[in-house]
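Taken in order, these protein sequences are the chains called A, B and C.
Position 225 of the first sequence, counted from 1, bears residue number 225 in the working numbering, the numbering being contiguous throughout.
Count along the second sequence starting at 1, add 1000, and that's the number in the working numbering.
Count along the third sequence starting at 1, add 2000, and that's the number in the working numbering.
By construction, the Cβ of each residue, glycine as well, lies at the ideal position given by its N, Cα and C atoms.
Being a predicted model, the structure only gives us computed values, none of them experimental.
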Amino acid sequence: MEASLGKKPVLIVDDEKNIRLTLSQALETLQLEIDTAVNGEEALAKLEAKRFGLILLDLKMPGMDGMEVLRRVRETRPDIKVIIITAHGTIDSAVEAMKLGAVDFIQKPFAPKEIRELATKVLDRDNISAEKAKGYAEHIELAKKCIGDREFDSAAEHVRQAIAADPTKAEGLNLLGALQELGGNRLEALKNYRAAIALDPTYMPATENLNRAANWSPKGDITLDEPKATDDQEEGKKA
Amino acid sequence: MANDLFIVIVGCGRLGSHLANQLSRAGHSVVVVDTDERAFGNLSPEYSGFRMEGDATEIAVLKQAKVGKADLLIATTRDDNVNLMVAQVAKTEFGIQRVLARVFEPQREAVYQRLGVETVCPTAVAAELFLKSIAKEGPA
Amino acid sequence: MRVLIVGGGRPVYFLCRTFLAKGHQVTLINRNQDECVQMARRLKATVVCGDGSDPAILEDAGAHGADAVLAFTPNDQDNLAVCQLATLQYAVPRTVALVNDPDNEAVFQKLGVTAFSTTRTIASMVEQRTALDEITNLIPVGEGKVNITEVKLQDASPVVGKTLRELSLPADSLIAVVLRNGEPIVPRGDTRLESGDHVVLITLPANHGPVLRAVTGETD
């Protein structure tokens, strides 16, 4: 794990001391060099002085906010990866930040292991540029994350972008249908389930959703995934 | 005990806040959940963990606290039934290995130990310490 | 039957009355002293004042030997505790918990406590009624693993005029009973279905949709 990270230092930007501490402690065990900044101005100054590989960036800070820092980093140092730190319920701004080129986000509270896994994953994605990384698979992944957190509006936004990135995949349409059904728009949901089946008649989740939604069986769960193949599938798409 | 566990503490009263302060100081990542925001006033200034306002008997709140990623959950509210429900949900629904619950009523303790919840009963603990002390010193 | 009910408010009052009217013996446990006095006056039930999740109170109320314990307080955690204590400590054969947060229904089942959510029940009743007038979901059996559904056959139904043998219903489904003019017919292979028949279907969640479509002829 440690070897794959390389030795580029990490910059943590947050006005809250406890967040800086939690993140530093979590990442120290990865043998990474860690630096911290308490606001946007200090962050930009530190970026001038050192070649960082990764920034963990809080959006809400007094003075120059995270979004502005992100904008400047993208202009001057597009090679640096940025992970957004967000509070629960403010996922919209995190999505906004992803559009600006952040590679991922993490919601408070976070477990040390979670931080390490995310940092490792992001640093491992070296060969893909941040822009390209936001393709179909990433949006689907994000959408599911949003659904897990009950952030249905943001999830729908990701699904739409996923469909725009690759309109030939049944999974995207199925997810869109599921979200519409959760939002109470049953007719639109049915339409999308059918469209998903039309694209790929073997895609079972859409068939199951269509059967269930069309028959008002209240017990059935909305199916987002194929039972087990998901992981391999997503790995495959990323590669 | 490894020194960077992710620990969720339910209830930020005297016991909950004390545990949170100690565990946070020991280097663990701690989340404290309480229905009343004012309860977080019990946390020390050095406490470096997270605070979350919410009712832990709602699954949605436990999800938000990322209980699924926790190494340990401690239920310390003043309501035995809340503690026992949260503890069982953490175990069965979120699959957390280690779950501790405070239970005031000693009669309940036995039943919940049968359900696999590790309980601590302050009355029983105090009684035991008193008895030990008496046995050692003898009556005055 | 000896029934122990924990809770308060009007729903619990009427629940007690229903059980009493059917000749059951009812003991009510309620925390609120005033309400206990009220209930004791209005109901021919034994009323115990106290916390129903306290083993001492449950014992006072005669949990030993009760046939059923129903926990109907507004707090899910209390209802869970009552039912678990009743089962484990007093070996009560049947316990039911009301869950207020519908998410807890599945959680309680996992913890071995029979639970139901009025929110979910009402919502699904409304949904089913508005979905298709001629289909009535009677009961999910075995935690929803089997559905029993009643369907009234319309003229347009593709199964009208056919014998059961001629039907090609999906596998693992069954027409259990046909109600014709209110009379039940246990169907055989040569029973011919008529418009206006009420057929009672046994289905699994996996084939529920296809079976209903095959019987009603509707595609949506």
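Is residue i close to chain B, meaning its C-beta is less than 8 Å from at least one C-beta of that chain?
i	result
V2107 (chain C)	yes
P2074 (chain C)	no
E114 (chain A)	yes
L21 (chain A)	yes
A37 (chain A)	no
N211 (chain A)	no
N2032 (chain C)	no
K108 (chain A)	yes
L2088 (chain C)	yes
A94 (chain A)	no
P2055 (chain C)	yes
A155 (chain A)	no
Q31 (chain A)	no
A2081 (chain C)	yes
N18 (chain A)	yes
A26 (chain A)	yes
E131 (chain A)	Reliability fails at E131 (chain A), whose pLDDT of 45 lies under 50, so the model's placement of it is uncertain and the value that follows must be treated cautiously. Not one chain B Cβ lies under 8 Å of E131 (chain A).
Hey, does residue i have any beta-carbon neighbour from chain C nearer than 8 Å?
i	result
A189 (chain A)	no
D1079 (chain B)	yes
A178 (chain A)	no
I1009 (chain B)	no
I1059 (chain B)	yes
N246 (chain A)	Outside the displayed span of chain A (1 to 239) sits residue 246 (chain A), for which this structure offers no information.
N215 (chain A)	yes
R194 (chain A)	no
R150 (chain A)	no
L1100 (chain B)	no
T1123 (chain B)	no
V1120 (chain B)	no
E1093 (chain B)	yes
L1073 (chain B)	no
E1221 (chain B)	Here chain B comprises residues numbered 1001 to 1140, so residue 1221 (chain B) is not present and cannot be evaluated.
Check this for me: beta carbons of residue i and residue j, under 8 Å apart or not?
i	j	result
L2058 (chain C)	V2096 (chain C)	no
V10 (chain A)	L54 (chain A)	yes
I2202 (chain C)	A2176 (chain C)	yes
Q25 (chain A)	P112 (chain A)	yes
V1082 (chain B)	Q2077 (chain C)	yes
F2072 (chain C)	V2146 (chain C)	no
V1099 (chain B)	C1121 (chain B)	no
G2052 (chain C)	I2029 (chain C)	yes
I83 (chain A)	D104 (chain A)	yes
A1101 (chain B)	V1008 (chain B)	no
Residue i CB to nearest chain A CB: under 8 Å?
i	result
L2043 (chain C)	no
M1052 (chain B)	yes
L2212 (chain C)	yes
G2209 (chain C)	yes
F1006 (chain B)	yes
G1049 (chain B)	yes
A1070 (chain B)	yes
V1031 (chain B)	yes
How close, in whole Å, do the beta carbons of residue i and residue j come, if the pair is a contact with beta carbons under 8 Å?
i	j	result
E1118 (chain B)	V2107 (chain C)	Their Cβ separation, rounded to whole angstroms, is 19 Å, which puts E1118 (chain B) and V2107 (chain C) out of contact at 8 Å.
S2195 (chain C)	L2153 (chain C)	6 Å
L2020 (chain C)	P2055 (chain C)	Incorrect: roughly 26 Å between the Cβ atoms, too far for contact.
A162 (chain A)	A143 (chain A)	7 Å
D2190 (chain C)	I1059 (chain B)	The pair is not a contact, with the Cβ atoms about 52 Å apart (cut-off 8 Å).
A2068 (chain C)	V2092 (chain C)	7 Å
N39 (chain A)	M64 (chain A)	7 Å
V2198 (chain C)	E2150 (chain C)	In the sequence as displayed, the identity of residue 2198 (chain C) is His instead of Val. Confirmed, Cβ separation roughly 6 Å.
T2163 (chain C)	R2192 (chain C)	5 Å
For this session: May I ask you to verify whether the stretch 93–102 of chain A touches the stretch 61–80 of chain A, counting CB pairs closer than 8 Å and requiring at least 3?
Result: yes
Exercise. Is there contact here, the stretch 1012–1023 of chain B with the stretch 1061–1076 of chain B, by at least three beta-carbon pairs under 8 Å?
Worked result: yes
Problem set entry | Ranges of the beta strand (DSSP E) found wholly within the stretch 7–79 of chain A, counting only runs of at least 3 | 10–13, 34–37, 54–58
Exercise. What residue ranges within the stretch 91–130 of chain A form continuous beta strand (DSSP E) runs of no fewer than 3 residues, ordered along the chain?
Worked result: 104–107
Exercise. Which full runs of the beta strand (DSSP E) of 3+ residues lie inside the stretch 1086–1114 of chain B, going along the chain?
Worked result: 1098–1102
Exercise. For the 8 Å Cβ check, are there 3 or more pairs between the stretch 171–179 of chain A and the stretch 191–204 of chain A?
Worked result: yes
Problem set entry | Within the stretch 2006–2090 of chain C, ranges of the alpha helix (DSSP H) (whole runs, at least 4 residues) | 2009–2021, 2033–2042, 2055–2060, 2076–2090
Exercise. In the stretch 142–217 of chain A, which residue ranges form an unbroken beta strand (DSSP E) of at least 3 residues, counting only runs that do not cross its ends?
Worked result: none
Problem set entry | Complete beta strand (DSSP E) runs within the stretch 2087–2112 of chain C (minimum length 3 residues, chain order) | 2094–2099
For this session: Starting from the N-terminal side, write out each stretch of the beta strand (DSSP E) that is 3 residues or longer and does not extend beyond the stretch 2171–2213 of chain C.
Result: 2174–2180, 2183–2185, 2198–2203
Exercise. Is the stretch 1035–1042 of chain B close to the stretch 1051–1069 of chain B, with three or more CB pairs under 8 Å?
Worked result: yes
For this session: Report yes or no: do the stretch 184–191 of chain A and the stretch 143–153 of chain A share at least 3 C-beta pairs separated by less than 8 Å?
Result: no
Problem set entry | Secondary structure, alpha helix (DSSP H): runs of 4+ residues fully inside the stretch 1019–1045 of chain B | none
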